[in-house]
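Below is one structure, written out as structure tokens, with a few remarks after it.
In this note's numbering, the protein residues as written are 96 to 325.
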């Protein structure tokens, strides 16, 4: 049965000579995998493989069968052509990191409208922001943790959970203030945080996720993110 849904591209792997299997977080069905034929062929029109780059927003018509792990895409187009996110190195690197984390933590194959709305709003903010997005990935991870069920209520709770799991996190006043702003304010709120503080908090956030989700393992995009943002 053909159904319409919107989605956010997360990743893809090559399949046979000209196809891919794409992981997409959809509005109607949660996280799904789709077989997309012919997009890597030399005859493929309009460079459709670009539709599956990290965080691309999609309008899709899909064949969705609840008893299957792999579905098919009938039609797809971008719902919001990006003008900056894939082309600005800092934004594209942040997007790569965010996408890797989403691939590791999103498991639910069911509709979650609040989660989907949060992800859409976050992607649109990163695309449209001209300033004050250097802390985007930090605020994003903090806010995402609430949708995943382990969000801290305050910087003190965040610190306590890390210490209880043998992670040596000792934030100064600046970092505690930054954490509380990230927890309570919207994306793009001006936050005073040094580069060293940003890196320290990034490592702490990844450790915090690893405490709550055993399967995260190594985050390969982390060294690249640090280098680009420094």
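C-beta atoms are modelled at their ideal positions from N, C-alpha and C, and glycine is treated no differently.
From 149, 113, 166, 201, residue whose alpha carbon lies closest to that of residue 156: 166
Rounded C-alpha distance that separates residue 115 from residue 169: 14 angstroms
Uninterrupted alpha helix (DSSP H) stretches inside the region 131–210 (no shorter than 4 residues): 184–200
Distance CB(residue 153)-CB(residue 104) smaller than 8 angstroms: yes
Minimum C-alpha distance to residue 97 - residue among 171, 146, 258: 171
The alpha helix (DSSP H) enclosing residue 305, as first and last residue numbers: 290–307
C-beta contact flag for residue 270 and residue 292 at 8 angstroms: A contact, by the Cβ cut-off of 8 angstroms.
N- and C-terminal bounds of the beta strand (DSSP E) containing residue 108: 97–110
Pairwise C-alpha distance: residue 241 and residue 278: 10 angstroms
Beta-carbon proximity of residue 282 to residue 226, cut-off 8 angstroms: no
CA nearest to the CA of residue 314, picked from 126, 121, 192, 306: Distances from the alpha-carbon of residue 314 to those of 126, 121, 192, 306 put 192 closest.
Per-residue burial, residue 131 [other beta carbons within 10 Å of its own, 16 or more giving buried]: buried
Reduced DSSP secondary structure (H/G/I, E/B, other) of residue 243: coil
Cα-Cα separation between residue 100 and residue 122, rounded to whole angstroms: 6 angstroms
Residue environment, residue 319, which counts as buried when at least 16 other CB atoms sit within 10 Å: exposed
Cα-Cα separation between residue 198 and residue 258, rounded to whole angstroms: 27 angstroms
In DSSP terms, what residue 117 is bridged to: 107, 129
Distance between residue 239 and residue 182 (C-alpha atoms, nearest Å): Cα to Cα, the separation comes out at about 25 angstroms.
Pairwise C-alpha distance: residue 297 and residue 263: 14 angstroms
Residue 195 burial status per 10 Å Cβ neighbour count (16 or more: buried): Residue 195 comes out buried.
CB of residue 173 within 8 angstroms of CB of residue 146, strictly: yes
For residue 144 and residue 134, believed in contact at Cβ under 8 angstroms, the rounded distance: Yes, residue 134 and residue 144 are in contact; Cβ-Cβ is about 5 angstroms, under 8 angstroms.
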